[in-house]
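Reading through the structure tokens given below for one structure.
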Amino acid sequence: MKRKAILRIFLSIAFLAAAKKSDTQNLVPNYSFEVYSSCPTNAAEIYKAIPWFQPSIANGNIYNSSSSEYFHSCNLTIVGVPLNFAGRQIAFAGQGYAGIVLYAGNNREYIEVKLIDSLIAGKTYCLSFYISLAESSEWGIDMIGGYLANDSVLTSVITYIPVIPQVENATSNTITDTSGWVLISGSFIAQGGEKFLTIGNFRDNSNTQLTPMNPQFPSGYAYYYIDDVSLICCDSSGTCALPEDTLSIPNVFSPNYDGINDLFEIKGLQPGDKVQIYNRWGTLVFETEHENAFWDGYTTSGELCQNGVYFYTVVLKSGEIRKGYLTLIR
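Under the working numbering, think of the first position of the sequence shown as 12, with each following residue one higher.
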């Protein structure tokens, strides 16, 4: 069963890599939350919908599980599809979707993903996704958006992230549909280099319109499901072709010595480039400055690293910094 799950991930990644040649392809990996490192079994497991994560830092530590949810029909309990702890909803596409709190007093949740390719300056892109209000919500709100940036919005802020999303709900009407899915969509001109997409409520309380939904069940939050996230080139020129990246960085590996994807190996590095890998608590577990950089799933002191999501940084000799997440599956 474990081998089948790994094969499922590899096939999905291979499909996404092959799709890079198309100008109109969806730049969002795992856009309908179908691929998982393992079936979700509890709340706060958005990181299992690889490579999605919640951009949170607490007390200096990076942790990807955080509090945002991943729902899938492979689970028949609290994080199942269609029935789960927040309500009942069939997936808009496939068998999975995400769930986040868009309002809970001063609190917010977000989900983030690294795109398949960076955006090109001056080109027009179209972003869309579907949302549905969970039945357990005490409130419905009016605004949810998508924010594109060159780097992750990793933050320790527990309230809203104070940025201006490129795409946001176009009307001031509260989104209260609990039976169907509501489309959020819009277009924007890229500044260039945008690589990360974050979805959530980027407005403070004074600019968030609330509509009471279940006053008899005071949950205190506005909780929404999210599915079928799409970001495509819709430029009038008809092309958003990117130059080939000199680096090849995988986002999953399985160091179980079966001869298949046993190493996390970055190709295209030059002498003087530096690679560092951190665990979910922000502890450095591995680093190297060798141009043939690879990681076998052990710390520099020889200790076995456990299954999970890790954070890497690549500091190039030119000064450019690459950051991202990788999943270790034994």
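The C-beta atom is built at its ideal place from N, Cα and C for all residues, glycine as well.
These numbers were taken from a predicted model, which means no experiment stands behind them.
Short of 7 Å from the beta carbon of Thr-222, and not among the five residues preceding or following it, lie these beta carbons of its own chain, in chain order: Trp-150, Gly-151, Thr-185 and Thr-187. Taking every protein chain shown into account, the CB of Leu-144 has 16 or more other CB atoms within 10 angstroms, so this residue is buried.
Taken atom to atom, the span from the alpha-carbon of Glu-123 to that of Tyr-268 is near 31 Å. In this structure Ser-196 is in contact with Cys-137, their Cβ atoms being roughly 7 Å apart against a cut-off of 8 Å. In the DSSP secondary-structure assignment, Thr-294 is not bridged to any residue. By the Cβ-count criterion, Pro-176 is buried, with 16 or more other Cβ atoms from all chains shown falling within 10 Å of its own Cβ. For Trp-192, there is no enclosing beta strand (DSSP E), as DSSP gives it neither H nor E. Around the C-beta of Ala-132, fewer than 16 other C-beta atoms lie within 10 Å, and the residue is accordingly described as exposed. For Tyr-114, the uninterrupted beta strand (DSSP E) segment begins and ends at 107-114.
Under the DSSP assignment, His-83 falls in the beta strand (DSSP E) whose first and last residues are 80-83.
Pairing Gly-335 with Ile-260 gives a Cβ-Cβ distance under 9 Å.
Within the same chain, and ignoring the five residues on either side of Thr-52 in sequence, the residues whose Cβ sits closer than 8 Å to its Cβ are Asn-86, Thr-88 and Val-90. About 5 Å separates the beta carbons of Tyr-141 and Asp-239, which is inside the 8 Å limit, making them a contact pair. Remark: C-beta atoms of Lys-134 and Ser-248 approach each other more closely than 9 Å. For Ile-340, the CB contacts under 7 Å within the same chain, skipping 5 residues up- and downstream, are Ile-17, Ser-48, Val-263, Ser-265 and Asn-318 in chain order. Per the coordinates, the alpha-carbon of Phe-228 lies some 8 Å from the alpha-carbon of Ser-147.
Each residue's CA atom was taken as its position, placing Leu-194 and Asp-307 some 43 Å apart. Closest by C-alpha distance to Ile-172, out of Ser-183, Tyr-158 and Val-178, is Tyr-158. Boundaries of the beta strand (DSSP E) harbouring Lys-285: 285-289, taken from the DSSP string. In the structure shown, the three-state DSSP call for Ser-143 is strand. Contact between Tyr-236 and Ile-155 does not hold, since their C-beta atoms are separated by about 11 Å, which reaches or exceeds 8 Å. By the Cβ neighbour-count rule, His-301 is exposed, with fewer than 16 other Cβ atoms within 10 Å of its own.
Between Gly-107 and Phe-82 a beta carbon distance of about 6 Å is seen, short of the 8 Å cut, so the two are scored as contacting. Restricted to the stretch 33-71, the beta strand (DSSP E) segments that are unbroken, complete and at least 3 residues in length are 67-69, listed in chain order. The three-state reading of DSSP puts Ser-329 in coil, since its state is none of H, G, I, E or B. When C-alpha distances from Leu-327 are compared across Gly-283, Glu-298 and Ile-57, the shortest belongs to Gly-283. For Ser-241, the enclosing beta strand (DSSP E) begins and ends at 233-244.
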